[in-house]
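Each remark here refers to the structure printed beneath this line.
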Amino acid sequence: MNYMNRAKINYFFLLSLLFSVSACMVGPDYQPPESMVPAEFKYDSGWQTTSPQSWAAQGEWWMAYNDPDLNLLLNQAAEANQTLAQAEARFRAAQSQWRLARGDYSPQLDLTLSGDRSGGASTLGSENYSARLGLSWAPDLWGRVRRSVQASHANLQSSAANMVAARLTIQLAVAQSYVRLRALDLQRDLLEQTMKTYDRSTQLTRNQYKAGIVPRSDVIQAETQSQALKSDLIDLASQRAIEENTIAVLLGKAPVNFALAPAPSLPVLPELPIALPSTLISRRPDVVAAERELAAASAEIGVAQAAWLPSFSISAGYGANTARFSDLFDAPNAVWSIGPSLVQTLFDGGARRASKAIAVALYDEQLAVYRQTVLDSLAEVENTLATLALLEKKIQQQDILLKLAEENERIVSNRYRSGLVSYLEVAIAQNQTLSTRRTRLATIASRLQASLQLAAVIGGGWDIKDPVVQLVIADKRLVSETE
């Protein structure tokens, strides 16, 4: 067997060995943690109210509230909110980091050109020019690059989920501020209507005082009641201005450039999807992000473990070194080289052992973070379901209380006209009716707020099939890059 044949055999044997070794990956293969989500919740009775609606599958959960103004505000927030812009920038950085990790799969091609002139007091000056084209490639023998790519891809998915979480947080903040503002509009209308009643009562008391039927104290009581109501109207105007400014900032606008016209109505309280919250909670973006960060931490253990094994690389070069620049590219001056190299670290003072210990500790930390995130999510869902259920009962109780208060006010007013009681009793009855109406209105708004909160704590309208890719980003190009 001649030299060329032996060289070919050795070459193919070396390639076969490299490919077989490259199929191995050191480090643990990631296994998702066991689900901590229970099959049911304490307060989920009555949760299954209707079949799934299109808005739930599309992620546009706010469409169920059937409020055009709310739809417009949320669309504007998605376009201009600066907190969301920060999250999108972090996502783009994670995309680039993933591409950077994948770059280690490819060979590296370098071109080097250099020239220098040297000399001394007793020697003539000399020139030296060199050019070299080098190609190097390090096969991923132990899976270090693959583990690194896995970690970067998991971090990319985590960043995508965090962006969805930021978007959901902004949506919830806008929706809740909007509900508070509309509730204030209703409170203002209620006070203005009540003010008309108080004005009629005050005028009646003045007429009765002029006729000598009632004392001056009744007039003072009626006027005091009206002035207190005017003060409440000023407080409502102040609170509305604060909510309007809050919405402006969430939309990425200066408060001076934003105004929302009053509208005496609240969004419609929707029926909720039939899917149980114990199923939906696994789609929460913060839960997804924590699980993906756990996967990245697992891959980093493999990266640290690969450092214990030798690294192999193949390099080739072609260049020239001459005393004149004009001769640099002449064929007789060309020099080529090709060959493998194997590097094994024999002693590093425990650096590799420490790196692996750090990676394992970070994995354990992230596992605890994931479990705590799930527990916090469960608590949020429980709290919100309980709030919805109890507020429904409270509204029913307040309906009964309002009927009693209105009936009491009617009876006391008639007794006052008959001269049987003082105006103080009328004022007490009127204030009780007003307080009951305001409390009932606030409770209805709170229940609506709780339904908004519930939409957020179950992750909005995520697609259960793939909580990271399906609804992470509306842009199809960006979605495809995470696959």
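The sequence shown runs -25 to -1, 1 to 458 under mature numbering (1 follows the signal peptide of the UniProt record, and there is no 0).
We treat Cβ as the ideally placed atom computed from N, Cα and C, and that holds for glycine.
What you are looking at is a predicted structure, and each value in this text was computed from that prediction instead of being measured.
C-beta atoms of residue i and residue j nearer than 7 Å
i           : j    : result
Q146        : L49  : yes
A274        : R163 : no
S288        : S111 : yes
residue 462 : N137 : Only positions -25 to 458 of the chain appear in the structure, and residue 462 is not among them; the question remains open.
N56         : G227 : yes
W311        : Y293 : yes
residue 461 : E218 : Nothing can be reported for residue 461, as the shown portion of the chain is limited to -25 through 458.
L159        : L211 : yes
L166        : L204 : yes
S127        : F66  : no
V344        : I256 : no
R422        : L377 : no
S89         : S105 : yes
A282        : Y5   : no
L235        : A141 : no
K369        : T418 : yes
Residue i in three-state terms, based on DSSP
i     : result
Q6    : coil
T320  : coil
F66   : helix
G292  : strand
P27   : Because the pLDDT at P27 is just 43, under 50, the model does not fix this residue reliably, and the value given afterwards should be weighed accordingly. Coil.
G21   : For G21, the predicted model reports a pLDDT of 47, less than 50, meaning its position is unreliable and no value from the coordinates is stated.
L143  : helix
A235  : For clarity, residue 235 is Leu in the given sequence; the question names Ala instead. In the structure shown, L235 sits in coil (DSSP, three-state: anything other than H, G, I, E or B).
I433  : coil
A309  : strand
Q445  : In this prediction, Q445 has a pLDDT of 40, which is less than 50 and means its spatial position is unreliable; nothing more can be read from the coordinates.
P242  : coil
G314  : strand
V(-5) : Residue placement at V(-5) is flagged as unreliable, the pLDDT there being 48, under the threshold of 50; the coordinate-derived value follows with that caveat. V(-5) falls in the helix class under three-state DSSP.
Cut-off 8 Å between Cβ atoms - residues of its own chain near residue i, not counting five sequence neighbours on either side
i    : result
L143 : P260, A431, G434, G435
Q407 : A380, N383, E384
E63  : M138
T172 : Q405
Q371 : none
N41  : P242, V243, P245
Chain-order list of residues whose beta-carbon lies under 7 Å from that of residue i (same chain, five-residue window excluded)
i    : result
T359 : A425, Q428, L429, V432
L409 : T169
Q280 : V1, G2, K331
A298 : S101, E102, N103
D85  : G109
W37  : L45, N46, L49, Q146, A150
N220 : P230
P285 : L317, V318, Q319
V124 : A76, R77
D193 : T180, Y184, S397, Y398
R390 : V396
V189 : T180, Q183, Y398
Spatial neighbours of residue i in its chain, beta-carbon cut-off 6 Å, leaving aside the 5 residues before and after
i    : result
I313 : A291
Q51  : L226
W22  : Residue confidence is low: W22 scores 46 on pLDDT, short of 50, so the model does not pin down where it sits. Its coordinate-derived value is still stated next. Excluding positions up to five away in sequence, the list is empty.
A309 : A295
A272 : L337, Y338, Q341
A402 : Q196, Q200
V278 : R119, R122, S123
S176 : A197
Q83  : S111
Short CB-CB distance (under 7 Å) between residue i and chain C
i    : result
R122 : The structure shown contains no chain C, having only a single protein chain.
Problem set entry | At least three beta-carbon pairs within less than 8 Å, the stretch 179 to 189 to the stretch 103 to 118 | no
Exercise. Is the stretch 414 to 421 touching the stretch 331 to 348, taking contact as three or more C-beta pairs under 8 Å?
Worked result: no
Problem set entry | Contact the stretch 264 to 278 vs the stretch 69 to 76: 3+ CB pairs below 8 Å | no
For this session: Decide if the stretch 237 to 247 is in contact with the stretch 150 to 166; the criterion is three or more beta carbon pairs, one per stretch, under 8 Å apart.
Result: yes
For this session: Within the stretch 72 to 131, note down every full alpha helix (DSSP H) run reaching 4 residues or more, in order along the chain.
Result: none
Exercise. Should the stretch 393 to 400 be called in touch with the stretch 185 to 202, which here means at least 3 C-beta pairs below 8 Å?
Worked result: yes
For this session: Could you pull out every unbroken beta strand (DSSP E) segment of at least 3 residues lying fully inside the stretch 361 to 407, listed in chain order?
Result: none
Exercise. Residue ranges of each alpha helix (DSSP H) run of no fewer than 4 residues wholly in the stretch 152 to 235, ordered along the chain?
Worked result: 191 to 225
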